[in-house]
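These notes are about the structure you will find just below.
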Amino acid sequence: MADNTARDSMQYDVVIVGAGVAGLSAAIRLKQLAAAAGGEISVCVVEKGSEVGAHILSGAVFNPKALNELLPNWREQGAPLSQPVRQERLLYLTRQSVLRLPLPPSFHNQGNYIISLGMLCRWLAEQAEALGVEIYPGFAAAEVLYRADGSVKGIATGDMGIGKNGEPTEAYQPGMELWGRQTIFAEGCRGSLSEQLIARFQLDQHSQPQTYGLGIKEIWEVSPEQSQPGRVVHTVGWPLDSRTYGGSFLYHLAENKVAVGFVVGLDYQNPYLSPFEEFQRFKNHPAIRPVFAGGRRIAYGARALTEGGLQSLPKFTFPGGVLVGDAAGFLNVPSIKGAHTAMKSAMLAAEAVFGVLHNGAVEEGAEAAAYIESFRQSWLHDELYRARNIRPAFKWGFWPAMGYGALDVYLFRGRAPWTLAHHGTDRGSLKLAAECRPIEYPKPDGQVSFDRASSVYLANTHHEENQPPHLKLASEQAAIDIGYRRFAAPETRYCPAGVYEIVQENGQPRLHIHAADCIHCKTCDIKDPAANITWACPEGGGGPNYGEM
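Using the UniProt record's numbering, the first residue of the sequence shown is number 1, and each one after it goes up by one.
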């Protein structure tokens with residue numbers, strides 16, 4: 001392996017990991033605070049994607065509440081929020097029919113916009129750079145650095161040019177150490193360094209286990225007669241059974257484009273279930289297929305979502321740093337929105353971090369503890385508190401959860417004198433294959449439904465072939481003895497990119513991993529029943545390039 005002593009280092013006041021809406025909002029807020037105080041602050045943002053926005057995927061209906069606070073003149077500055085929501089529907093699907101449901105308050109989107117979150121991130125990056133923030137895309141934060149007292153010192157970017165055998169190649173370049181007086185981790189859902197920090201500092205010891213969903217999304221160009229810019233449609237019910245949490249969205253943008261997506265809760269029980277195939281079935285429903293008939297699919301992607309809400313939030317401060325956005329789990333699940341909550345958490349964190357840095361008597365590596373109290377006093381806490389009981393109610397099944405949700409929202413207005421517990425862990429929810437019935441999925445028609453190989457092509461994913469595997473098996477034997485023999489190799493179905501395949505070698509099964517096709521959704525790190533698969537950052541710049549997703 002490469003010698004870490006060869007790494008150069010750079011010192012900043014604040015190092016931020018991740019150039020999503022949370023990381024960029026924190027950077028902007030820090031610079032604003034410094035300017036208001038009449039001083040300077042050095043801020044660096046590293047991003048593992050090849051460019052800002054490359055790894056960003058979301059629905060997205062965007063609530064501008066936090067943006068109004070961060071950059072009140074965003075309209076004059078040209079923020080890419082141009083398509084307001086004009087019409088909303090919530091539908092319950094059976095196999096052949098559709099029933100319109102009343103909209104719960106969490107689905108009311110007056111004043112919200114249908115956007116590309118990737119485009120918003122690129123615009124936020126421009127605002128941040130104009131304030132003096134240094135942004136470095138294509139550099140993956142691969143290691144947390146610590147001071148002698150155990151506090152976080154910063155991060156090291158990954159070495160480039162390491163071969164599959166772990167030895168440097170002719171293209172070898174050592175990573176860079178970025179030292180910060182404070183480090184903000186804004187990696188998004190299931191961030192690899194964030195998970196290490198949660199474990200090291202036991203940040204989750206007083207919270208419920210985090211639970212996740214898998215969101216799969218496509219963008220289509222549809223026929224003009226099917227285009228209804230500003231229309232928002234959500235569906236529940238078919239094709240999922242009543243014990244499986246999930247649903248769909250169709251968001252109509254301008255220029256005859258429609259974003260369509262499907263979310264499946266990763267606490268599903270049947271190992272034969274394939275979220276990707278459920279998505280393809282959904283598009284063939286009689287009420288849905290006409291939207292896409294004669295259209296053209298132009299983009300594809302997938303991403304895990306943190307769904308635990310308030311009761312699954314870890315402690316998000318520790319000596320030398322903080323967690324923000326989906327790295328901590330600030331998603332508002334019932335409203336299916338996380339961008340504005342991620343931005344607000346990052347702004348609160350930036351204010352607490354700046355307070356630590358501005359106090360000259362505080363040593364490096366101090367804990368920005370004010371972040372926790374400011375969160376408790378904010379509209380963000382109130383929003384998550386009111387939403388906290390909706391998702392865990394679905395452990396009882398669809399109809400009991402709908403009934404409870406109406407009670408919680410309309411009678412208690414989100415302030416019931418109890419907090420429901422989640423089901424447990426997502427991987428622990430999976431039943432043995434022998435206890436479940438295989439699911440027969442129809443073959444793709446190539447018009448509305450597709451296979452995973454052609455879908456991954458649209459994700460524009462790329463990885464350097466000669467590098468250590470970023471999908472790591474703790475035990476190849478466990479993949480067969482537990483994953484294959486007991487659970488029928490669920491990774492061959494839950495992965496939306498078809499990365500995992502069971503092959504036969506000398507008459508024996510073996511798990512083959514097509515790591516080059518990985519689109520960084522993190523599902524395998526969450527759902528593998530034996531906790532046998534770990535997702536680690538590949539070489540910087542690798543992965544999907546989502547463009548306007």
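Glycine residues also receive a C-beta, built at the ideal position from the N, C-alpha and C atoms.
Does DSSP put residue i in a helix, in a strand, or in coil?
i, result
"H252", "strand"
"N4", "With a pLDDT of only 48 at N4, under 50, the local geometry of the prediction cannot be trusted, and the value read off the model is given with reservation. Three-state DSSP puts N4 in a helix."
"V164", "What sits at residue 164 in the sequence shown is Lys, not Val. Three-state DSSP puts K164 in coil, outside helix and strand."
"M176", "coil"
"E143", "strand"
"V409", "helix"
"G49", "coil"
"L310", "helix"
"P509", "strand"
"L305", "strand"
"I155", "strand"
"Q226", "helix"
"R100", "strand"
"residue 566", "With the chain represented from 1 up to 549, any question about residue 566 goes unanswered, as that position is not in the structure."
"I502", "strand"
"Y113", "strand"
"A453", "helix"
"V448", "coil"
"T523", "helix"
"E464", "coil"
"E539", "coil"
"Y484", "helix"
"L273", "coil"
"A416", "coil"
"G365", "coil"
"G246", "strand"
"A171", "strand"
Between residue i and residue j, is the Cβ-Cβ spacing less than 8 Å?
i, j, result
"residue 561", "P529", "What the structure shows of the chain is the stretch from 1 to 549, and residue 561 is not part of that stretch, so it cannot be assessed."
"R493", "S274", "yes"
"G213", "L266", "yes"
"V133", "V43", "yes"
"V448", "L471", "no"
"A433", "A488", "yes"
"A299", "P137", "no"
"G230", "Q87", "yes"
"Q210", "T317", "no"
"A302", "C521", "yes"
"I155", "V15", "yes"
"G414", "A387", "yes"
"I28", "L120", "no"
"G355", "P319", "no"
"C518", "T425", "no"
"V409", "P102", "no"
If I follow the unbroken alpha helix (DSSP H) through residue i, where does it start and stop?
i, result
"D382", "379-387"
"R391", "Taken as a continuous stretch (DSSP letters only), R391 belongs to no alpha helix (DSSP H), as it is neither H nor E."
"T341", "339-358"
"T492", "491-494"
"R200", "192-200"
"K65", "65-70"
"F292", "289-292"
Strictly by DSSP, which residues pair up with residue i?
i, result
"E134", "C44"
"N284", "Note: N284 sits in no beta bridge, so no partner."
"Y441", "DSSP lists no partner for Y441."
"residue 607", "Outside the shown range of the chain (1 to 549) lies residue 607, about which nothing can therefore be said."
"A299", "I219"
"R231", "Q87"
"N332", "K337"
"I372", "Per DSSP, none; premise fails for I372."
"K257", "E221"
"S514", "Checking the sequence, you will find His at residue 514 rather than Ser. Its beta-bridge partners do not exist; DSSP assigns none."
"F318", "G321"
"F62", "Y113"
Would you mind reading off the limits of the beta strand (DSSP E) that contains residue i?
i, result
"K31", "First-last for K31: 21-36, but that is the alpha helix (DSSP H), not the beta strand (DSSP E)."
"D13", "9-17"
"K472", "471-473"
"I533", "533-535"
Our contact map puts residue i next to residue j with C-beta atoms below 8 Å; I'd like the distance itself, whole angstroms only.
i, j, result
"R7", "G175", "6 Å"
"H422", "G542", "Actually they are not in contact, since the Cβ atoms of H422 and G542 sit about 33 Å apart, beyond 8 Å."
"L420", "L310", "11 Å between Cβ atoms; not a contact."
"L323", "S116", "About 25 Å; that fails the 8 Å criterion."
"L81", "F107", "Contact doesn't hold; Cβ gap of about 19 Å is too wide."
"A140", "G158", "5 Å"
"L57", "Y546", "6 Å"
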